[in-house]
Amino acid sequence: MTAVLERPGRRFADRRSRTLAWVGLSVLVVLGVVVAGGLAADAAQTTSLTDRNLGPSASHWFGTDRLGRDMLARTLAGLRLSLVVGVAAAVVSAAIALALACSAAVFGGVVDRAVGWLVDLFLALPHLVLLILVAFALGGGTGAVVAAVALTHWPTLTRVLRGRAREVMSSDYVAISRQQGHGRGWIARRHLAGHLTGHFLVGTVLLFPHAILHEAALSFLGLGVDPGEPSIGILLAESMRHLTAGAWWLAVLPGLCLLVVVTLVDTIGSSSRALLDPRSHHL
Amino acid sequence: MLQAEGVWFRYARDRPWVLTGDDLGIEAGEVLGLCGPSGGGKSTLGRVLAGHLRPDRGRVTVDGAVPRPRRAPHPVQLVLQQPERAIDPRWTVRQALAATGAELDGLDERLVHRDWLDRYPHEISGGELQRVNLARALLVRPRYLVADEISASLDAVTQARIWTLLLEHCREAGIGVLAISHDRPLLETVAGRVLDRSPVPDAAG
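Here the protein sequences line up with chains A and B, keeping their order. Residue 1 is where the first sequence starts when you use the numbering used here, and the numbers rise one by one after that. Residue 1001 is where the second sequence starts when you use the numbering used here, and the numbers rise one by one after that.
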């Protein structure tokens, strides 16, 4: 305890660099998965009928499936596809939410009411039905999955950001900035942007697993990515048929990898928020 | 002269009136005390004078004209009781002061110490933050200052220091001050004259 009291600066600096190291490591691993997935694209599709349904071994770490395809290569390729779909859908969705929340807070009045009404409308509709309808209308495929998830997942985040933005806009410090002659654009840039960054990052990160799960669900229903493409959703859906035959590696290993990647992305989001917050900027 | 002429104000149509035809005048360079019990509408009157709130009836004038600054600081600046709410918690003291657009070189060291400039509001004490708050209001060179309970949450020594600095700066620049407080002895010490505000009658709603 006395050591902590005597050298607070040292302790804070250490914690900050630890968080930075965590973020760096997570980003590297996630990028590594994306690169490895790209390199494994061919291997993921190569069939070898002599190596069918093999369990994990030195030559096939994650085993092989019923067509003798290497599951490690398929998992990496699948993770890459899931990451691309998840990140794209989460970012587009969060960008819609940010734009709507900011315009509601900055312009207020009719714009604010319209945004509130739109959020209520979308929240009232069951989003899975909407998701299926949008994906169906767009004819399926990776692009359709991204569009469908992005178009159905902005309302919750919009509501959170709008609430936070309203709180900032009605604060004393914004009133004083107005009194000192600053306009709406200046206040949005200087006050609003900083206060929304943390919520925006966390909201985007929380959208990410949702996007991946919906990608899997849509692919399972045949409206998502092409069944030939090894997305994690398709791998898991295929593995269901072989689990009873004892082929546990088909579901467990890709599932665990997905869990690890989602956790890493979560770490990146929450640590970045902590690093940006002045109250913990030196923690 | 900062003048409120028959000012009426309420926070919403279905809320009772807070200001009922209030009149008030402050000469340039004068320090006027406004005393009254809590909930009597003192702060609301301060906010109306500073242009934070628009009166429903009546008008507030500075030298005979209603101030309508566009992209320029309002001639009446408000210093609030809680400085931690008046400064963006994500800004350093330097950023908060620089937002006024004024040069920080000529800053009075007794008001804002150089060491505080790169700290966040939660990293300096309440009294120090209130001095930053006051310095920010003075940096935009206002004609009038509304000081709303600026020393209510501070100890006696810090209170005395803040008021001495405020009065000194305002005397130098000829700034008129409306000092709002429920502490009559304090107002009698700092202000030339003290007005009493009676509480809003319930029947006014």
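Quick reminder that beta carbons are idealized off the backbone N, C-alpha and C, glycines included. Predicted model only: the values in this text are computed from it and were never measured.
Unbroken beta strand (DSSP E) run spanning residue i, endpoints
i, result
"B/Glu1005", "Leu1002 to Phe1009"
"B/Arg1085", "Not the beta strand (DSSP E): B/Arg1085 falls in the alpha helix (DSSP H), residues Pro1083 to Ala1086."
"B/Arg1136", "From DSSP, B/Arg1136 is part of no beta strand (DSSP E) but of the alpha helix (DSSP H) over Gly1126 to Leu1139."
"B/Arg1057", "Arg1057 to Val1062"
"B/Gly1033", "Val1031 to Cys1035"
"B/Arg1076", "Arg is not the amino acid found at residue 1076 of chain B; the sequence shown has Val there. Where B/Val1076 is concerned, the enclosing beta strand (DSSP E) stretches over Val1076 to Val1079."
Element boundaries [alpha helix (DSSP H), containing residue i]
i, result
"A/Tyr173", "Asp172 to Gln179"
"A/Gln45", "Ala41 to Gln45"
"A/Leu236", "Ile232 to Leu243"
"B/Val1194", "Element bounds for B/Val1194: not the alpha helix (DSSP H) but the beta strand (DSSP E), Arg1193 to Asp1196."
"A/Asp112", "Gly109 to Ala124"
"A/Leu161", "Trp154 to Met169"
"A/Arg228", "Note that residue 228 of chain A is Gly in the sequence shown, not Arg. Taken as a continuous stretch (DSSP letters only), A/Gly228 belongs to no alpha helix (DSSP H), as it is neither H nor E."
"A/Trp186", "Arg184 to Ile187"
Collapsed DSSP secondary structure at residue i in the structure displayed
i, result
"B/Thr1020", "strand"
"A/Asp266", "helix"
"A/Ile96", "helix"
"A/Gly140", "coil"
"B/Thr1164", "helix"
"B/Ser1181", "strand"
"A/Ala251", "helix"
"B/Ala1050", "coil"
"B/Asp1115", "helix"
"A/Gly203", "helix"
"A/Leu67", "coil"
"A/Gly194", "helix"
"B/Val1146", "strand"
"B/Ala1065", "strand"
"B/Gly1176", "strand"
"B/Gly1101", "coil"
"B/Pro1106", "It should be noted that the sequence gives Gly, not Pro, for residue 1106 of chain B. It is coil, neither helix nor strand."
"A/Gly55", "coil"
"B/Ala1025", "Checking the displayed sequence, the identity of residue 1025 of chain B turns out to be Gly instead of Ala. Strand at B/Gly1025."
"B/Pro1089", "coil"
"B/Arg1013", "coil"
"A/Leu133", "helix"
"B/Pro1073", "coil"
"B/Gly1041", "coil"
"A/Ser219", "helix"
"A/His127", "helix"
"A/Phe62", "coil"
"A/Ala211", "helix"
"A/Ala104", "helix"
"A/Ser48", "coil"
"B/Leu1210", "With chain B covering 1001 to 1205 only, the question about residue 1210 of chain B has no answer from this structure."
"A/Gly32", "helix"
"A/Leu5", "The predicted model places A/Leu5 with a pLDDT of 48, which falls under 50 and marks its position as unreliable; any figure quoted below should be read in that light. In this structure, A/Leu5 counts as helix in the three-state DSSP scheme."
"A/Leu20", "helix"
Cβ distance (whole Å) where residue i is taken to contact residue j below 8 Å
i, j, result
"B/Arg1136", "B/Ala1096", "6 Å"
"A/Leu79", "A/Val33", "5 Å"
"B/Gly1033", "B/Val1190", "7 Å"
"B/Arg1068", "A/Gly183", "The Cβ separation is near 14 Å, so there is no contact."
"B/Gln1081", "B/Ile1150", "6 Å"
"B/Gly1058", "B/Gly1021", "7 Å"
"A/Gly217", "A/Gly233", "The sequence as given places Ala at residue 217 of chain A; Gly does not occur at that position. About 7 Å; that satisfies the 8 Å criterion."
"B/Asp1088", "A/Tyr173", "5 Å"
"A/Gly224", "A/Glu215", "6 Å"
beta-carbon residue i near the ligand FAD non-hydrogen atom, thresh 7 Å
i, result
"B/Arg1161", "This structure does not include the ligand FAD; it has no bound ligands of any sort."
The segment 64-80 of chain A / the segment 230-247 of chain A touching (three or more Cβ pairs under 8 Å): yes
Stretch-stretch touch, CB-based, cutoff 8 Å, three pairs: the segment 200-216 of chain A with the segment 79-90 of chain A: yes
Members of the segment 1075-1093 of chain B near chain A, C-beta cut-off 7 Å: Gln1077, Leu1078, Leu1080, Arg1085, Ala1086, Ile1087, Asp1088, Pro1089 and Arg1090
Where the segment 1098-1121 of chain B meets chain A: residues whose CB sits under 9 Å from a CB there: Ala1099, Thr1100, Gly1101, Tyr1120 and Pro1121
At least 3 beta-carbon pairs within less than 8 Å: the segment 173-188 of chain A vs the segment 260-273 of chain A: no
Interface positions of the segment 168-183 of chain A facing chain B (Cβ-Cβ less than 9 Å), listed along the chain: Val168, Ser171, Asp172, Tyr173, Val174, Ala175, Ile176, Ser177, Arg178, Gln179, Gln180, Gly181, His182 and Gly183
Residues within the segment 1046-1073 of chain B neighbouring chain A, beta-carbon criterion of under 9 Å: Arg1047, Ala1050, Gly1051, His1052, Pro1069, Arg1070, Arg1071, Ala1072 and Pro1073
At least 3 beta-carbon pairs within less than 8 Å: the segment 147-166 of chain A vs the segment 1103-1117 of chain B: no
Stretch-stretch touch, CB-based, cutoff 8 Å, three pairs: the segment 14-29 of chain A with the segment 44-61 of chain A: no
Under 8 Å (Cβ pairs) to chain B, residues found in the segment 195-217 of chain A: His195
Chain-ordered residues of the segment 1002-1033 of chain B with a beta carbon less than 9 Å from chain A: none
The segment 1132-1149 of chain B: positions lying closer than 7 Å to chain A by Cβ: Val1140
Inter-stretch contact (C-beta, 8 Å, three-pair minimum) for the segment 1087-1104 of chain B and the segment 1028-1047 of chain B: no
At least 3 beta-carbon pairs within less than 8 Å: the segment 149-166 of chain A vs the segment 120-133 of chain A: yes
Positions along the segment 238-256 of chain A whose CB lies within less than 7 Å of some CB in chain B: none
The segment 183-199 of chain A in contact with the segment 1152-1166 of chain B per 3-pair CB rule at 8 Å: no
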